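What follows is a single structure, written as structure tokens, with notes after it.
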Amino acid sequence: MRIVIQRVTQASVTIEAPSGAVGEASTAGAVRSIGPGFVILLGVCDDDTQDDADWLVKKVVALRVFDDEEGVMNRSVMDTGGECLVVSQFTLFASYKKGNRPSWFRAARHEVSVPLYEYFCRRLSEAMQKPVKTGEFGAMMQVALVNDGPVTICMDTKNKE
Numbered sequence: 003m004r005i006v007i008q009r010v011t012q013a014s015v016t017i018e019a020p021s022g023a024v025g026e027a028s029t030a031g032a033v034r035s036i037g038p039g040f041v042i043l044l045g046v047c048d049d050d051t052q053d054d055a056d057w058l059v060k061k062v063v064a065l066r067v068f069d070d071e072e073g074v075m076n077r078s079v080m081d082t083g084g085e086c087l088v089v090s091q092f093t094l095f096a097s098y099k100k101g102n103r104p105s106w107f108r109a110a111r112h113e114v115s116v117p118l119y120e121y122f123c124r125r126l127s128e129a130m131q132k133p134v135k136t137g138e139f140g141a142m143m144q145v146a147l148v149n150d151g152p153v154t155i156c157m158d159t160k161n162k163e
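The opening residue of the sequence shown carries number 3 in this note's numbering; numbering runs sequentially from there.
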């Protein structure tokens, strides 16, 4: 699994075309938004497991990238009461070595990626003890955000060390 975490002051996702809901009801034109917290872009490949999702959840909730009283990045999203917006992003597994048109052969098929995406969102919600907002798996979406800092962190379960 691969994620890109962006610390934001606010963010939203607008669902352009429904194609099977994940998390919240499927509605074209639906807007799901958060205040301060994280936007998490999540990509899944074929050999990812629930253990990978659990590892990422632990890292996300403990990641200390929010300022404390002295302006030092020393607080987690849990410490600040922040929110999370998770958006599926198969393009995180783009292969661009041959030519200029990326291929997606490393991205997991729907039968693998949808259950793991749902599992990650559910486990993150449980860890945060509040609902996590989501995009809609497989839908065309417009993501708007105000990156705070900017702070952007990439994590890959293949590089846990």
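In this text, a Cβ means the ideal position worked out from N, Cα and C, and glycines have one as well.
No experiment lies behind these values; they were computed from the predicted model shown.
Rounded to whole angstroms, what is the Cα-Cα separation between residue i and residue j?
| i | j | result |
| --- | --- | --- |
| residue 82 | residue 101 | 44 Å |
| residue 54 | residue 92 | 16 Å |
| residue 7 | residue 40 | 6 Å |
| residue 23 | residue 30 | Legend: pLDDT at residue 23 = 48, less than 50; position of this residue unreliable, value from coordinates given subsequently. When rounded, the distance between both Cα atoms is 11 Å. |
| residue 90 | residue 16 | 13 Å |
| residue 57 | residue 147 | 26 Å |
| residue 149 | residue 98 | 26 Å |
| residue 4 | residue 157 | 6 Å |
| residue 159 | residue 78 | 20 Å |
| residue 71 | residue 80 | 16 Å |
On the DSSP bridge assignment, give the partners of residue i in chain order.
| i | result |
| --- | --- |
| residue 97 | 105 |
| residue 135 | 87 |
| residue 158 | 4 |
| residue 1 | Residue 1 lies beyond the stretch modelled for the chain, which goes from 3 to 163, so this question has no answer here. |
| residue 77 | 68 |
Under 6 Å Cβ to Cβ from residue i, same chain only, skipping five residues before and after it: list those, please.
| i | result |
| --- | --- |
| residue 115 | 46 |
| residue 52 | 121 |
Assuming the contact rule is C-beta atoms closer than 8 Å, residue i and residue j should be a hit. Round their C-beta distance to whole Å, please.
| i | j | result |
| --- | --- | --- |
| residue 67 | residue 134 | At roughly 18 Å, the Cβ-Cβ gap does not stay under 8 Å, so residue 67 and residue 134 are not in contact. |
| residue 37 | residue 85 | 6 Å |
| residue 141 | residue 87 | With 8 Å as the limit, residue 141 and residue 87 do not qualify as a contact, their Cβ atoms being about 14 Å apart. |
In chain order, what residues of the same chain have a beta carbon less than 7 Å from the beta carbon of residue i, not counting five sequence neighbours either side?
| i | result |
| --- | --- |
| residue 105 | 97 |
Checklist entry - Fully enclosed by the region 7-74, which beta strand (DSSP E) runs are 3 residues long or longer? => result 33-36, 39-45
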